[in-house]
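Asks:
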Amino acid sequence: MVDKLIDFAVGALHDYCTLEVKMQNLERKIDILTYRANDVSTMIEEAELHSRKKRKREVEEWLEEVQSNQTEFASLKEQAQQARFLSRIQVARRVDKMLDVITDLIEQSDSFGELLLNLHEMKGMPLVAKEWKGQTFLQNLKEIWEWLMNDEISCIGIYGMGGVGKTTLATRVHNNLLNETKFFGHVFWVTASQEASIPKLQNAIARAINLDISSEDDDKIIAAKLFNALKRKEKLVTIVDDIWNHFDVERIGIPVGVNGSKLVVTSRSLEVCRRMGCQKEIKVKPLCGEEAWTLFLAKLSCPNELPSDVQEIAESMTKKCDGLPLAIITVAGSMKGVDDICDWRDALDELEGYSAEQDDEVFQILKYSFNRLRDQKLKDCFLYCSLYPEDYEISRDGLIRRFILEGLIEKRSRQMEFDNGHRILNRLENVCLLEGGTETNEEDREIKYVKMHDLIRDMALEMLKTEKTKYMVKAGIRLEDIPGANDWTEDLEKVSLMCNRISLIPSGTSPKCPKLSTLILKDNCLRSIPCSFFAQMGALQVLDLSSNMFLEELPNCISKMENLTALFLQNCYKLRFVPPLRKLKALRELDLFGTKIERVPAGLKELINLQHLDIGSTRIRRILHGTISKLWRLRSLRLPVEVEIRVEELEAIQHLEEFNGEFLEVNTFNQFVIYHKRYKRPSFYNVRLSCLRLATGLRIQTYYKRITRKTVTLHKVEFGAGKNEILLPEDIQELEMFDCHGLGSCLTDAFIRLNIQRRSLTSCLIQSSAEIKCILKKIMSSSDHQSVIGETQISPSFPLESLERLELFCLPNFVELCEWESVPDATLPLGTFSHLKWLNFISCDAISKLFTPKLLQHLHNLEVLKVSECEQLEEIIADEVAGCKASLIPSSSDPCSWTTLISLPKLKLLSLAELPSLLSICKETIICDSIEKVVIKDCPFLDRLPLFLPTVNGQPSPPPALKVIEIPERECDWWESLEWDNPEAGNVLQPLVCFQKYC
401 MVDKLIDFAV
411 GALHDYCTLE
421 VKMQNLERKI
431 DILTYRANDV
441 STMIEEAELH
451 SRKKRKREVE
461 EWLEEVQSNQ
471 TEFASLKEQA
481 QQARFLSRIQ
491 VARRVDKMLD
501 VITDLIEQSD
511 SFGELLLNLH
521 EMKGMPLVAK
531 EWKGQTFLQN
541 LKEIWEWLMN
551 DEISCIGIYG
561 MGGVGKTTLA
571 TRVHNNLLNE
581 TKFFGHVFWV
591 TASQEASIPK
601 LQNAIARAIN
611 LDISSEDDDK
621 IIAAKLFNAL
631 KRKEKLVTIV
641 DDIWNHFDVE
651 RIGIPVGVNG
661 SKLVVTSRSL
671 EVCRRMGCQK
681 EIKVKPLCGE
691 EAWTLFLAKL
701 SCPNELPSDV
711 QEIAESMTKK
721 CDGLPLAIIT
731 VAGSMKGVDD
741 ICDWRDALDE
751 LEGYSAEQDD
761 EVFQILKYSF
771 NRLRDQKLKD
781 CFLYCSLYPE
791 DYEISRDGLI
801 RRFILEGLIE
811 KRSRQMEFDN
821 GHRILNRLEN
831 VCLLEGGTET
841 NEEDREIKYV
851 KMHDLIRDMA
861 LEMLKTEKTK
871 YMVKAGIRLE
881 DIPGANDWTE
891 DLEKVSLMCN
901 RISLIPSGTS
911 PKCPKLSTLI
921 LKDNCLRSIP
931 CSFFAQMGAL
941 QVLDLSSNMF
951 LEELPNCISK
961 MENLTALFLQ
971 NCYKLRFVPP
981 LRKLKALREL
991 DLFGTKIERV
1001 PAGLKELINL
1011 QHLDIGSTRI
1021 RRILHGTISK
1031 LWRLRSLRLP
1041 VEVEIRVEEL
1051 EAIQHLEEFN
1061 GEFLEVNTFN
1071 QFVIYHKRYK
1081 RPSFYNVRLS
1091 CLRLATGLRI
1101 QTYYKRITRK
1111 TVTLHKVEFG
1121 AGKNEILLPE
1131 DIQELEMFDC
1141 HGLGSCLTDA
1151 FIRLNIQRRS
1161 LTSCLIQSSA
1171 EIKCILKKIM
1181 SSSDHQSVIG
1191 ETQISPSFPL
1201 ESLERLELFC
1211 LPNFVELCEW
1221 ESVPDATLPL
1231 GTFSHLKWLN
1241 FISCDAISKL
1251 FTPKLLQHLH
1261 NLEVLKVSEC
1271 EQLEEIIADE
1281 VAGCKASLIP
1291 SSSDPCSWTT
1301 LISLPKLKLL
1311 SLAELPSLLS
1321 ICKETIICDS
1331 IEKVVIKDCP
1341 FLDRLPLFLP
1351 TVNGQPSPPP
1361 ALKVIEIPER
1371 ECDWWESLEW
1381 DNPEAGNVLQ
1391 PLVCFQKYC
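Be aware that the sequence shown starts at 401, since it is given in our numbering, and climbs by one per residue.
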C-alpha cells in the first residue's frame, strides 16, 4: 500500500513539474497537425472545385476531428496558464491523453493515400426514367425544350397535382440536356421534398457539384460559395424536384441567369413556381382517355388481348384513375396476372368504394392498391420500407436482412430466407408499390435496391396510423435533437430516427416505451448514449446504432437488455468499447463490422443463440481458441484480417452457410478445403490465404455485403518446387491472386498446377505478378489431335470456357492473351473465352496489341472492355497478324458467309483511359449494335473512332443502343480533330458526347 502511495506521489510530482514541457510538445504537435490539415483542406477544396471528385469519408472525418482538437487545445492552454497545484496535475494528465490523440491523427494522415474519390462514373449519367411516349407528354417536353434553348428565359416551373408525372417529365428533360452541347453536360439534379430548407438545399447542391461546405454554418457564406462555384461552370441547368415551399434562389446560392445558367423547378403549386421567379410555367395535366388506357395496358403486361368483359371492367378502372399516371401504374400493377372475371369485378367494386371517399383521390387509389395485396406478410414488408427516409435507395439484401430479424420471413436456411425475401420484393415491384434499381459499387458490380415514390411513402405512413403496431417515423428530416417526451408514447413498438443529425441524448432522458421492439438510430452523429435512455425499453429486440461515426463506447446497460435479438454497430468507426454481452442469450445477430474494438466482447462465447456474427474490419487480432466453436448455431461468420480460425472450430458449427475469413498457413487453408469438401459447408465462402501479415493491396470490403459467391484470394503465396501444394475447393467460382510468385509465364499453367479444370470458375483477378506473360500458350498446330497448354493436355472442362470475368492488374511483362501466332494453322481450344463478359486491363505496360482477329471470334459474349494505364499498347484490335486481316461484321450477318468471323454483338461498354501510345482501336469499321457507353480519356494519339453508323431514311444515325460518349472536358480539341469514315459522323454523335471534368 505504501509503495503504491509513493508511486502515485512521484507520478503526481512529475506531472506537476513537467506541465510546461508537455504543453510545448503538445503545441508543437498541434502546429504540425494544423499545417497538415491546412494542406489537406487546400488540396481537396481545389480538386473538388475543379474536378469531378469528392473527398473520402475518412478524410472528412479526420478534418472534423482535427478541428475539434484544435478547439479543445485552446481551452486546455488557457487552463494550463491558470492552473494551481492539483489542477496542474489534472491538466498535465489531460495533456498526455491529448498528445496520444494528436499523434494518432498525424499518423492517420500518413495512411490516407488518395484523398479523393473519382466521381466520373457516378455524375453526369442519365437518371432512370419511365418510358412514357404519349402525345401530351411529348408536347410538354417540346415546349420546355424550346424555353431552355431561349436565352431570354432562365427559370422554368413544372407544376401539377401529385402523381401526375412532373418528376418523370423533369427526368426526361435532365437526360436530354446531358446530350445538349449548349450546356456542356452541366446539368445537376436536386431533390427537395416536403422537409426542404435552405441548408438542406444548399447541401444537396454542394454534393451535386462536389463542393465542400462542411466547415461553414452561415447560410450567407455558403450561398456565396455555391454561387461562385456554379458561376464558373457557365451555362448550367439546375433542376430542383418536388419543391413544396418557395425559396429565394439568391439565398440558396443558385446563379439564375448568370452566364446562361437556368433553373427548372417542379412543384404541386403554381404559386410556388411564380414566387421562385419562374418566367414560364407549364401545367402537367392528367392523361387523356386514350393515353391513360395505353399506359394501363402497358403496365398490365398482358400478352394476349383482353376478353371483352374483362376489357370493359379494365376501362372502367382506368377511368377511376382520372388520368393520373401514378394511380394508373399502381392499379394496373395490382391486376397483373389476374384472369378470372370475378376477381376483376371484385377489384372494380373495391376501387369504386375507395374513389367514393372524400380524401385526396390519388391517395385513395394508392390505398386501394395496398389493400389489394391481401397477403398480410406482403403488407408488413411494404410498410417496413416506410421506416427509411424519403427517396432513400434501400439495399435489397440489407432490407431482407431486416425482414428476417423482424420475423417477417422464416425459412430453414439463410439462402431460402433471402430467396423468399427477393420474391416478396419482386411482387411489390410488380404491383408498382416499390421501384427497383441498380447501382455500381467500387468493384464495378451491380447492387440492387428498391425505393418508394414519395406519394406512396406518404400513403404507407398514413396506413401505419391504422395498424395495431404503433410506429414513430422521423427519418431523414434533419433532426438535431432527440424527439420530445410527448412523442415517446407507451404503445410505441417501432421507432425510426435514421439519417438525422442527432448528436446528443441529454443525461436523464428516459422514454417510457415498455412495448418498443425496434429502435433505429443509424446514420446520426451520436457521441454517447446515457444508460437512462434504455432504462424503460425492456422489450427492445432490434437496436440499430450503425454509422454513428463519433460514438466511442456503448453504455454498460446494454449488458442487461436480455430481450435483444439484433445489435447493429457496423461503421461506428470510433467505437472502441462494447460492454459484456453474456446475458444477451436471445441475441441472434451481432454486427461490429468497421469498428475500432480490439478485443472480442466479453461473454461472446455464451451467446448460444447467435446466428450471424460480423467482426470484419475491426482491430481484433486474436480470438481465444474455443470461442467460435461454442457458437454452434452460427449461420454466417465474418472474421477480421489476420485472425486465423482453426478448422476444427468450423467443424463444430453444423449450420454454417456463409464464411468470410483468412488463413495464414497453407496447411490450415488446405484443411479448410478438405473440410468444405467433406461436409459441403459453408454453402458460400470468401476465404483468403495470405502468407504475409498486414496484407496491403487486397480489396478488403468496407461495407456490408452478403456472401453469395465462392471466392478464394491468394496473397503473397509461393508456388513451385519445395513448396506445399495448395488445394482449392472444387466448387470455386472466383479466384483472386495478389503478388504471388512461381506462377510461371502462362496463367493456364498455374491453373493446371492448382488443378482448376472445372466449369465452376467464373471470375479471375491477377494482380502484381512479374512472371505472367500470357493467359494461354499454344505449342502445337490445329492438325494435331491434342490441344496442349504448356506440357498438359487441355481437358474438355478447361476453366477458360466458363470464365465470365477476367481482370489483369499490374502485370509488367504481360504481352498477349494467347501466345501462339508463330504456329501455322493454330486454333484456340473449342469454347475458350466463350462465356467471357467482362475484361479489364490495368497497368500491363508490355502489351502492344490486345486482340488478334482469331481471338476476337471467341469473344462473342463480351459486354465490358476496360483498358487503362498500359503504356506500350498501340492497338486494341491488331490490323494484320500472320496474314489474317482484322474486320468486324454486323451481328446480323450470315456467319456462314465468312471463313474468319469477328464480331462483338453484345459489347455494351468500351472504356480506354491513360493509354499514351494507343494509335488505333481497329483499322476497320466496328459494327456493334449493343454498345451503350464509350469512355475515352488521355489517349492523345488515337485519331479515329471506328464506329459503324446505321442509316435511317438514308441518313447516318448513332448505334441504336448508344447513350453516351464520355470524354474529359479538357480534350474538346481532341474530339474536334478526330477523323471519321463518314463526314457526318461527328455531327451525328456530337449530341451523345458528355464532357467530364477530371483531374
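Just so it is clear, CB atoms sit at the ideal spot from N, CA and C, and this is done for glycine as well.
Can you confirm whether the region 977-993 touches the region 953-961 when touching is taken to mean that 3 or more C-beta pairs between the two stretches lie within less than 8 angstroms?
Replies: A contact exists between the region 953-961 and the region 977-993.
Asks: On the three-state DSSP scale, how would you describe Thr1351?
Replies: Correct three-state label for Thr1351: strand.
Asks: With which residues is Val587 paired in a DSSP beta bridge?
Replies: Note: Val587 sits in a beta bridge opposite Val637.
Asks: Counting along the chain, where does the beta strand (DSSP E) carrying Gln1167 start and finish?
Replies: That run of the beta strand (DSSP E) goes Ser1163 to Gln1167.
Asks: Consult DSSP for Tyr849 and reduce its assignment to one of helix, strand or coil.
Replies: The answer is strand: DSSP assigns Tyr849 an E or B state.
Asks: Please state whether DSSP places Pro1356 in a helix, a strand or coil.
Replies: Strand, per DSSP.
Asks: Quickly, what does DSSP pair Val1335 with across the bridge? List them, please.
Replies: Beta-bridge pairing links Val1335 to Ser1311 and Glu1366.
Asks: For Leu1098, name the three-state secondary structure that DSSP assigns.
Replies: Residue placement at Leu1098 is poorly supported in this model, since its pLDDT is 44, which falls under 50; the coordinates still yield a value, given next. Three-state result, Leu1098: coil.
Asks: Let me check understanding here. Comparing Cα to Cα, which of Met423, Ala629 and Leu505 lies closest to Ser475?
Replies: The shortest Cα separation from Ser475 among Met423, Ala629 and Leu505 belongs to Met423.
Asks: Label Ser769 either buried or exposed according to how many other C-beta atoms from any shown protein chain fall within 10 Å of its C-beta, with 16 as the threshold for buried.
Replies: Buried, since its Cβ has 16 or more Cβ neighbours within 10 Å.
Asks: Here's a check: name, in chain order, each residue in its chain whose Cβ is nearer than 6 angstroms to the Cβ of Gly1142, leaving out the five neighbours to either side.
Replies: Correct list, in chain order: Glu1118, Phe1119 and Gly1120.
Asks: Assuming the contact rule is C-beta atoms closer than 8 angstroms, Arg901 and Glu867 should be a hit. Round their C-beta distance to whole Å, please.
Replies: 28 angstroms between Cβ atoms; not a contact.
Asks: With a 10 Å radius around its C-beta and 16 neighbouring C-beta atoms as the bar for buried, classify Pro1383 as buried or exposed.
Replies: Label assigned to Pro1383: exposed.
Asks: Can you give me the Cβ contacts of Glu691 inside the same chain, cut-off strictly under 6 angstroms, excluding the 5 residues immediately before and after it?
Replies: Same-chain partners within the cutoff: Gly534.
Asks: Counting C-beta neighbours from all protein chains within 10 Å, is the total for Ser1268 16 or more, i.e. buried, or is it exposed?
Replies: Ser1268 should be labelled buried.
Asks: Along the beta strand (DSSP E) that carries Asn1060, what are the first and last residues, could you check?
Replies: Taken as a continuous stretch (DSSP letters only), the beta strand (DSSP E) holding Asn1060 covers Glu1058 to Phe1063.
Asks: Is it the case that the Cβ atoms of Phe1251 and Cys1270 are separated by a distance below 8 angstroms?
Replies: Against a cut-off of 8 angstroms, the Cβ pair of Cys1270 and Phe1251 comes out as no contact.
Asks: Looking at Tyr559 and Arg675, is the spacing between their C-beta atoms short of 8 angstroms?
Replies: Not closer than 8 angstroms, so no.
Asks: Assuming Ser917 and Lys894 make a contact with CB atoms under 8 angstroms, what is their CB distance in whole Å?
Replies: About 7 angstroms separates the two Cβ atoms, so the contact holds.
Asks: Can you check which of these residues, Arg1370, Val658 and Glu616, is closest to Phe627 by C-alpha distance?
Replies: Among Arg1370, Val658 and Glu616, the Cα nearest to that of Phe627 belongs to Val658.
Asks: Under 6 angstroms Cβ to Cβ from Ile363, same chain only, skipping five residues before and after it: list those, please.
Replies: The requested residue 363 does not occur in the structure, where the chain is confined to residues 401 to 1399.
Asks: Once you ignore the five residues that flank Ile920 on each side, which residues in its own chain have a CB closer than 6 angstroms to its CB?
Replies: Closer than 6 angstroms at the Cβ level, and outside the excluded window around Ile920, lie Ser896, Met898 and Asp944.
Asks: So, under 8 angstroms CB-CB, Glu1136 and Lys1110 are touching, yes? Tell me the CB distance rounded to an integer number of Å.
Replies: Not confirmed; about 12 angstroms, so no contact.
Asks: Consult DSSP for His1012 and reduce its assignment to one of helix, strand or coil.
Replies: Three-state DSSP puts His1012 in a strand.
Asks: Within 10 angstroms of the Cβ of Val831, are there 16 or more other Cβ atoms? Answer buried if so, exposed if not.
Replies: The residue in question, Val831, is buried, as its Cβ has 16 or more Cβ neighbours within 10 Å.
Asks: Tell me which residue opens and which closes the alpha helix (DSSP H) that Asp944 is part of.
Replies: Counting along the chain, Asp944 falls outside any alpha helix (DSSP H), though it belongs to the beta strand (DSSP E) covering Val942 to Asp944.
Asks: How far does the beta strand (DSSP E) with Leu1206 in it extend, from its first residue to its last?
Replies: Taken as a continuous stretch (DSSP letters only), the beta strand (DSSP E) holding Leu1206 covers Arg1205 to Phe1209.
Asks: Would you report the Cα separation of Glu1207 and Leu1128, rounded to the nearest angstrom?
Replies: Their backbone Cα atoms lie some 20 angstroms apart in a straight line.
Asks: Can you tell me where the alpha helix (DSSP H) with Tyr784 in it begins and where it stops?
Replies: Where Tyr784 is concerned, the enclosing alpha helix (DSSP H) stretches over Gln776 to Tyr784.
Asks: Applying the 10 Å Cβ sphere with the 16-neighbour rule, what's the burial state of Ile729?
Replies: It is buried - the Cβ of Ile729 has at least 16 other Cβ atoms within 10 Å.
Asks: Please classify Ser716 as buried or exposed, where buried requires at least 16 other C-beta atoms within 10 Å of its C-beta.
Replies: Per the 10 Å Cβ criterion, exposed.
Asks: Let me confirm a value: Ile621 is counted as buried when at least 16 other C-beta atoms fall within 10 Å, else exposed. Which label applies?
Replies: Answer is exposed; the Cβ neighbour count stays below 16.
Asks: For the alpha helix (DSSP H) that Thr536 lies in, which residues bound it at each end?
Replies: First-last of the alpha helix (DSSP H) with Thr536: Gln535 to Met549.
Asks: Please state whether DSSP places Phe1341 in a helix, a strand or coil.
Replies: Coil, per DSSP.
Asks: With which residues is Ala966 paired in a DSSP beta bridge?
Replies: BP columns for Ala966 point to Val942 and Glu989.
Asks: Among Tyr1085, Ala1052, Lys542 and Cys1091, which residue has its Cα nearest to the Cα of Asn1067?
Replies: Closest option to Asn1067, Cα to Cα, is Cys1091.
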